[in-house]
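Accompanying notes for the structure given below.
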Amino acid sequence: MSRSERKWDHIRFALENKQNSATVFDDIKFLHQSLPNTNVFDVQLDHSIGGLYLSSPIFINAMTGGGGEKTFQINKELAIAAKNTGLAMAVGSQMSALKDKAERYTYGIVRKENPNGIIIANIGSEATTENAKAAIDMIEANALQIHLNVIQELTMPEGDRDFSGALNRIESIVNVVDVPVIVKEVGFGMTRETAETLSSVGVTAVDVGGSGGTNFAEIENKRREKTFSFFNNWGISTPVSIIEAASITNQVTIIGSGGFTTGYDIARGLALGANAIGIAGYFLRILVEKGIAALQEEIETLHKELTMIMTALGAKTISDLQNAPLVISGDTYHWLHQRGID
Ligand code: FNR
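Residue numbers for the sequence shown follow the working numbering, so the first one is 31 and each next one is one higher.
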């Protein structure tokens, strides 16, 4: 199978991959405020994270590029939607484009369509410092994501088997690039210890990429007969991962992602300690199935939902929302209790 076919396979299977965010966020409830003392027109969604000014706490998380015309078109449309709605956007992994110049136009289009927007480069943890600099230059990126996808690689027969040295390479990259570095999971979550380790080598932000949304073990297992199906239920849920990362004492920006589809979930993710929320699969599905106007409409709906929830909670800013009181029950409560994070 060619690389381009594999990229398209990922998109196809991701579109079929059902998200069950309703269950992972159900354990989190806000305390209702009868006297919020807010006016809906005073609510502001802009927020600064890790040195970047964002006009919305929502961004389009890394998905694609490098697979030829189809991924070019998807990236182009995502970039237009990002520009029209003021969202930051990460591109998909640029690793193959670093080797093959012919693929670069599928990423370059994102900067071309959105010359002044916040655009985030994306590489794997096998990347060198030279790779990192080249990926940033390719799209004049404002930040760099380094993804950690151990479970996805192990599930693929042709995937990587050697994950040694990743932390050292991340540290070297942090030391040479002049943009904020975000280290991200891709749907299996993160512990506080991992967040702490990453923060100790100087990464600006961790994107916890928790379970409950796009599931790359399921996607890879669907593509073949012999499977490692035990990885289908692997991982740490998104709310738990955010709380884990938020419990560390070091200063690190926390990005919540994995299964976000509603303003209510986004509000809960921010209130648990995230500074921004990344959405991948849900946006891709809307774009591919309904088109760019529908995607832009959905982003505006998410902004409206978030504004209403913030008004109800008496939160005028995203920082206020991060301090909104909430109650945690069920499996999420038990997990945190056992981990000593309650
Ligand atoms: C992804 N994701 C991803 N992440 C990354 O760092 N580099 C990549 O190249 C890709 N590629 C990719 C392709 C497709 C089709 C999807 C749906 C996703 C992972 C993505 O950024 C995110 O971490 C997870 O999808 C979890 O978020 P959602 O989809 O549940 O919102």
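Beta carbons are placed, not taken as given, at the ideal position from N, Cα and C, and that holds for glycine.
TODO: Evaluate the contact criterion for the region 137 to 148 versus the region 90 to 110: three or more CB pairs, one atom per stretch, below 8 Å.
DONE: Flag = yes, the region 137 to 148 and the region 90 to 110 touch.
Task: Nearest residue (CA-CA) to Gly239, options Gly299, Glu143 and Lys37 - done: Nearest option by C-alpha distance: Gly299.
- [ ] Using the DSSP secondary-structure output, state which residues sit across from Ala225 in a beta bridge.
- [x] In DSSP, Ala225 forms no bridge with anything.
Open item on the list: According to DSSP, is Gln326 part of a helix, a strand, or is it coil?
Closed with: In the structure shown, Gln326 sits in a helix (DSSP, three-state: H, G or I).
Task: Residue range of the alpha helix (DSSP H) that includes Leu317 - done: According to the DSSP assignment, Leu317 belongs to the alpha helix (DSSP H) that extends over Gly311 to Lys320.
Open item on the list: So if DSSP puts Ala235 in a beta bridge, which residue, or which two residues, is it bridged to?
Closed with: DSSP output for Ala235 lists Ile212 and Thr283 as bridge partner(s).
TODO: Using only the heavy atoms of the ligand FNR, determine whether one of them is closer than 7 Å to the beta carbon of Tyr312.
DONE: Yes; taking the cut-off as 7 Å, the Cβ of Tyr312 has a heavy atom of the ligand FNR nearer than that.
Open item on the list: What ranges does the alpha helix (DSSP H) occupy inside the region 175 to 212, keeping only unbroken runs of at least 4 residues that lie completely in it?
Closed with: Complete alpha helix (DSSP H) runs here, min 4: 180 to 185 and 196 to 206.
Open item on the list: Let's test the definition: count the other Cβ atoms within 10 Å of the Cβ of Asn198 and tell me whether it reaches 16, buried, or not, exposed.
Closed with: Result: exposed.
Open item on the list: Tell me the rounded alpha-carbon separation between Arg369 and Lys113.
Closed with: Approximately 41 Å between the Cα atoms of the pair.
TODO: Rounded to whole angstroms, what's the CA-CA distance from Ser271 to Thr227? Just pull it up for me.
DONE: Their Cα atoms are separated by approximately 15 Å.
Open item on the list: Can you determine whether any heavy atom of the ligand FNR sits closer than 7 Å to the C-beta of Thr101, and answer yes or no?
Closed with: For the ligand FNR, not one heavy atom lies less than 7 Å from the Cβ of Thr101.
- [ ] Return yes when at least one heavy atom of the ligand FNR lies under 7 Å from the C-beta of Thr94, else no.
- [x] Relative to the non-hydrogen atoms of the ligand FNR, the Cβ of Thr94 comes within a distance shorter than 7 Å of at least one.
Open item on the list: Do Val73 and Thr283 count as a contact pair if the criterion is CB distance below 8 Å?
Closed with: No, the pair does not count as a contact, with Cβ atoms beyond the cut-off.
Open item on the list: Out of Leu117, Ile150 and Gly96, which one is the CA nearest neighbour of Lys129?
Closed with: When each option's Cα is compared against that of Lys129, the closest is Gly96.
Task: Three-state secondary structure (DSSP) of Met119 - done: Met119 falls in the strand class under three-state DSSP.
Task: For Lys59: DSSP bridge partner residues - done: Beta-bridge partners of Lys59 (DSSP): Val357.
- [ ] State yes or no: is the C-beta of Ile212 nearer than 7 Å to some heavy atom of the ligand FNR?
- [x] Outside the cutoff, so no.
Task: Ala151 beta carbon less than 8 Å from that of Ala171 - done: Their beta carbons are under 8 Å apart, which means Ala171 touches Ala151 by this criterion.
TODO: For His62, verify whether its CB is less than 7 Å away from any heavy atom of the ligand MG.
DONE: The ligand MG is not part of the structure shown, which contains the ligand FNR as its ligands.
Task: Best match in Val204, Gln175, Gly219 and Ala118 for proximity to Asn263 [C-alpha to C-alpha] - done: Minimum Cα distance to Asn263 is reached at Gly219.
- [ ] Rounded to whole angstroms, what's the CA-CA distance from Val231 to Gly80? Just pull it up for me.
- [x] Those two C-alpha atoms are separated by around 15 Å.
Task: DSSP-derived helix/strand/coil call for Leu45 - done: In the structure shown, Leu45 falls within a helical segment according to DSSP collapsed to helix, strand and coil.
Open item on the list: Taking the beta strand (DSSP E) that Leu84 belongs to, which residues open and close that run?
Closed with: Here the beta strand (DSSP E) through Leu84 covers Leu82 to Leu84.
- [ ] Reducing DSSP to helix, strand and coil, say where Ala173 ends up.
- [x] Ala173: strand per DSSP, three-state reduction.
Task: For Gly308, the three-state DSSP class (helix, strand or coil) - done: Three-state DSSP puts Gly308 in a strand.
Open item on the list: Going by the DSSP bridge assignment, what does Ile296 pair with across the sheet?
Closed with: Paired residues: none, contrary to the question.
- [ ] Give the range of the beta strand (DSSP E) segment to which Phe290 is assigned.
- [x] Unbroken run through Phe290: none, as it is neither H nor E.
Open item on the list: Which same chain residues end up closer than 8 Å to His62 when comparing Cβ atoms and leaving out the 5 residues on each side of it in sequence?
Closed with: The residues are Ala342.
- [ ] Just mark Asn144 as buried or exposed, buried being the case when its beta carbon has 16 or more other beta carbons within 10 Å.
- [x] By the neighbour-count rule (16 or more Cβ atoms within 10 Å), Asn144 is buried.
Open item on the list: I need the boundaries of the alpha helix (DSSP H) containing Ala276, first residue and last residue.
Closed with: Segment Thr268 to Ala276, the alpha helix (DSSP H) holding Ala276.
TODO: Could you check the C-alpha separation between Ile278 and Ala345 for me, to the nearest Å?
DONE: If you take the alpha carbons of Ile278 and Ala345, they lie about 24 Å apart.
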